[in-house]
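FYI, the numbering for the sequence shown is 1 to 444, going by full-length UniProt numbering.
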Amino acid sequence: MNRRVKKAYDKAMDYYEKGKINKALELCEEILSEGLDNAPVLNFKGLLLYQKGNLNEAITVWKINEDLNNDEIARNYIRDSEADEKRLELYKQGEKALKQLNIERALELFKICLESDFNTIKVNTGIGICYQKKGDFYKAKEYVDKALRIDQSAVTAKIIQKELKENGIYSEAKNSSKGFLIGVTSLFVVIAIVAGGYLVFAKFKNKDFSGIIEQVKNIGTKQEKDSKTVEEKENTTEESKDFIEIKESAAQEKDQESQDAKAEEIVKEGPQSKTLDTEKLKTLISSNDLDGVYEQLKDVKAEAVSSEGAEIYNKAIKLMKNEGVLKFYDYGLWYFNQGNYNDAEISLDKAYTYCEGNSYKEHVLFYRASNSLKKAEDKIALKRYEEYYSQYPKGVYTEEALYQLALLTNFADKEKSKKYANTLMNNFPRSIYVNDKLATIARS
């Protein structure tokens, strides 16, 4: 490692210690753009991606390090990734449980995930949300702070922190211990890399995989005991929904049809292209104003961009497809969970515009559908659930998507509704969505 690279590497470490994980990643990219023969930098980049929850990307980086540099540490990281793949699935289950307000189950799942540093930002944030909903605000603060120490720009964690501050949970003295806590958290990764680090890091990663499976089985047992209560609650909810659907006025239905037709017309016609203001776009990108960049790109067609503006345009598109999608989705999900469905729609629509190829695409599609359902826009919700299911027939939210599709088509298309119900019952027989109402649809 030459002097210039060492300086950049130290700076990346410094960014990480200050909670600027994305800046640290950018510096790693710059170093590696000049050559992939730097094993410590590759391992560091892999660990940063690992903490952000980008498991496949982290493994790819470590595989490059193993193949090109014959690096033993990278080889060990790859070997231990099997348990992390299971933790990723558990995290998704935890997210789903949290969405269903099954707080205790979500908390159990997130805490299993916490046994390693994989996906630590989102896992700690998830635990913070659980404690916030339970009313244990000081516990919520503890876990939100852990997430922000690694990524001070984590959107959801910042929103929760703001709410906790408004509730008086944060005191003026909080900064006195912040430096020490950051040092403890970041020193772990720094030592792991600088000192050759696998033994330090592996004790968090290399947990007994059978132990994880056993914990999941225990949670599953508890879930079975509670399933009857959950099912009864769902039946009551769906009966109420049916009553509302029956009592809907013809005027409201007509308004929905009008909105749907208008939306289709807009899609068919497409927006008129506007001229790209490259100087303004540069300023917005440099200040990381993602909403501003989105608005600037709105209605700009790629073919209408001049050759001089192509570079900054492509840079803006890349920013939207990465950081933009993440921010817009996080805000959309937050608004959705708070019951602010109009603002949720705005943010989720922004995320949808650039989500193609992004790992968040599945979540964006599902929550756009769910948000439309909450707004009683049933026809739009139906189309969006169909879009989700067509692309993710075995996804994280497939069970709920099939359930809603069965309900939404029950009056207009009995055969289609029956098909969705049977698919859910056959493919997911133990799903919490398999209840008496669904069985009635399947037998109809």
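Note that the Cβ used here is the ideal one computed from N, Cα and C, for glycine as well.
Going by the CB atoms, is the gap between residue j and residue i shorter than 8 Å?
| i | j | result |
| --- | --- | --- |
| residue 321 | residue 285 | no |
| residue 48 | residue 24 | yes |
| residue 151 | residue 21 | yes |
| residue 114 | residue 93 | no |
| residue 341 | residue 375 | yes |
| residue 331 | residue 123 | no |
| residue 33 | residue 84 | no |
| residue 283 | residue 309 | no |
| residue 281 | residue 305 | no |
| residue 42 | residue 78 | no |
| residue 126 | residue 163 | no |
| residue 70 | residue 37 | no |
| residue 52 | residue 121 | yes |
| residue 112 | residue 90 | yes |
| residue 167 | residue 137 | yes |
For residue i, does the three-state DSSP call read helix, strand or coil?
| i | result |
| --- | --- |
| residue 20 | strand |
| residue 299 | coil |
| residue 151 | strand |
| residue 285 | helix |
| residue 55 | helix |
| residue 44 | helix |
| residue 275 | coil |
| residue 156 | helix |
| residue 118 | coil |
| residue 332 | helix |
| residue 427 | helix |
| residue 502 | This structure does not reach residue 502, given that the chain is present from 1 up to 444, and the question cannot be answered. |
| residue 397 | coil |
Looking only at C-alpha atoms, which of the options sits nearest to residue i?
| i | options | result |
| --- | --- | --- |
| residue 129 | 120, 121, 140, 119 | 140 |
| residue 28 | 55, 40, 340 | 40 |
| residue 313 | 336, 295, 326, 329 | 295 |
| residue 291 | 53, 311, 329, 309 | 329 |
| residue 334 | 305, 304, 371 | 371 |
| residue 17 | 431, 147, 297, 74 | 147 |
| residue 418 | 427, 442, 76, 287 | 442 |
| residue 153 | 421, 426, 15 | 15 |
Looking only at its own chain, which residues have a Cβ that is under 6 Å from the Cβ of residue i, when we skip the five neighbours before and after it?
| i | result |
| --- | --- |
| residue 404 | 385 |
| residue 325 | 351, 354, 355, 358, 360 |
| residue 345 | 371 |
| residue 66 | 74, 75 |
Taking 7 Å as the limit between beta carbons, can you name the residues of its chain near residue i, skipping five residues before and five after?
| i | result |
| --- | --- |
| residue 347 | 328, 331, 332, 335 |
| residue 444 | 414, 418 |
| residue 131 | 139, 140, 143 |
Give every residue of the same chain whose Cβ lies closer than 8 Å to the Cβ of residue i, excluding the five residues on either side of it in the sequence, and list them in chain order.
| i | result |
| --- | --- |
| residue 424 | 399, 402, 403, 406, 431, 433, 434, 438 |
| residue 170 | 141, 161, 164 |
| residue 157 | 121, 124, 125, 128, 144, 147, 148, 151 |
query = Do the segment 359-374 and the segment 388-398 touch if we need at least three Cβ pairs shorter than 8 Å?
reply = The segment 359-374 vs the segment 388-398: in contact.
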